[in-house]
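A quick write-up on the structure given underneath.
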Amino acid sequence: MEKNTPHYALVAIQADVRRLKGKAFTSTAKNTARTLGLNVSDMQQVIHGLERKQFYKSMTTYDDHRVWHDVYHAHSHGLEIYLKVMCRPSGGPPVISFKEKNS
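Numbering (full-length UniProt numbering), first residue to last: 1 to 103.
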């Protein structure tokens, strides 16, 4: 399922990233960002610079239709970046995907 409005408040995601620092990103997100030449500090900068107008869509996970991911497209470091985020009340990294957007 998809929708055109964010499921999570962007400020909440940004606050989690600020609080969790490097732990705010899944290992997959860190690895794909590294292939783009970005480090955790760069990743944090991208997240903190996100604005609502960069929101693309919300979608449910393939495994559970009750779990939502918000997708953003950001321009940073000369790249168009695809970001997938979620709030995890029980903990865990809110940034689950951080890669170059496919055209």
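C-beta atoms are modelled at their ideal positions from N, C-alpha and C, and glycine is treated no differently. Keep in mind it's a predicted model, so treat the numbers as computed, not measured.
Once DSSP output is grouped into helix, strand and coil, what is the label at His-48?
Here residue 48 is taken as the residue at index 48 of the sequence shown, counted from 1. Reduced to three states, the DSSP call for His-48 is helix.
If we ignore side chains and look at the alpha-carbon of each, how far apart do Tyr-72 and Met-1 end up?
As a position in the sequence shown, residue 72 is number 72, starting the count at 1. As a position in the sequence shown, residue 1 is number 1, starting the count at 1. Roughly 17 Å between the two C-alpha positions.
Drop a sphere of 10 angstroms on the beta-carbon of Asp-64, count the other beta-carbons inside from all chains shown, and report buried for 16 or more, exposed for fewer.
In the sequence shown, residue 64 corresponds to position 64, counting from 1. Its Cβ having fewer than 16 others within 10 Å, Asp-64 is exposed.
Determine whether the beta carbon atoms of Ile-13 and Leu-50 lie at a separation below 9 Å.
Position 13 of the sequence shown holds residue 13. Position 50 of the sequence shown holds residue 50. Yes, the pair counts as a contact, with Cβ atoms nearer than the cut-off.
Which residue marks the beginning of the alpha helix (DSSP H) containing Ser-90, and which one marks its end?
Along the sequence shown, read from residue 1 onward, the residue named residue 90 stands at position 90. Run containing Ser-90: none; DSSP gives neither H nor E here.
Which residue or residues does DSSP assign as beta-bridge partners of Ile-81?
To locate residue 81, count along the sequence shown from 1; it is residue 81. Its beta-bridge partners are Ala-74 and Glu-100.
When you compare the CB positions of Val-17 and Gln-44, do they come within less than 9 Å of one another, or not?
Taking the first residue of the sequence shown as 1, we reach residue 17 at position 17. Taking the first residue of the sequence shown as 1, we reach residue 44 at position 44. Contact flag set, yes.
Whole angstroms are fine: how far does the CA of Lys-84 sit from the CA of Phe-25?
Stepping through the sequence shown from its first residue, residue 25 is reached at position 25. Stepping through the sequence shown from its first residue, residue 84 is reached at position 84. Distance between the alpha carbons of Phe-25 and Lys-84: 10 Å.
Can you give the beta carbon distance from Asp-42 to His-77, rounded, assuming they're within the 8 Å contact cut?
Within the sequence shown, residue 42 is the residue found at index 42, counting from 1. Within the sequence shown, residue 77 is the residue found at index 77, counting from 1. Contact holds; Cβ gap of about 6 Å.
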